[in-house]
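Here the structure comes first, spelled out in structure tokens, and everything after it is commentary.
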Amino acid sequence: MANQSSETDQDIVVRGVRYTKEHVEDFVGQAEEYVRENPGQALLYAFVAGYVLNRLPLGAIVRGFARLSFLALRPAMLVYGATRLYQAAQDEEAG
79 MANQSSETDQ DIVVRGVRYT KEHVEDFVGQ AEEYVRENPG QALLYAFVAG
129 YVLNRLPLGA IVRGFARLSF LALRPAMLVY GATRLYQAAQ DEEAG
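Quick note, this note's numbering runs 78 ahead of the 1-based positions in the sequence shown.
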């Protein structure tokens, strides 16, 4: 039963990766087409985006996000472990 669940989880992950890859490729293709049709406007957008990104405190944002992720990791691991124990108990009862 656990093997089947693991295989199903892997299938979902593979499908998700494929789906994401297709959409990213579509987005890149649309972006290339837009740049070919409107090079001046695309250059202006790139300049504005670069200027805004240069002014943002990206280092502080990344550090804050990393700190928040590490703080949330312990409770997430606890919940995951409790869920797996509950599933194992349910499988043992059913089997």
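Cβ atoms here follow ideal geometry from the backbone N, Cα and C, with glycine treated the same way.
One thing to note: ALA120 has its Cβ no nearer than 8 Å to the Cβ of TYR129.
If only complete runs of 3 or more residues are kept, the stretch 132-157 shows no beta strand (DSSP E) anywhere.
In its own chain, leaving out the 5 sequence neighbours on each side, no residue places its CB closer than 7 Å to the CB of PHE125. Here the alpha carbon of GLU115 sits roughly 10 Å from the alpha carbon of ALA109.
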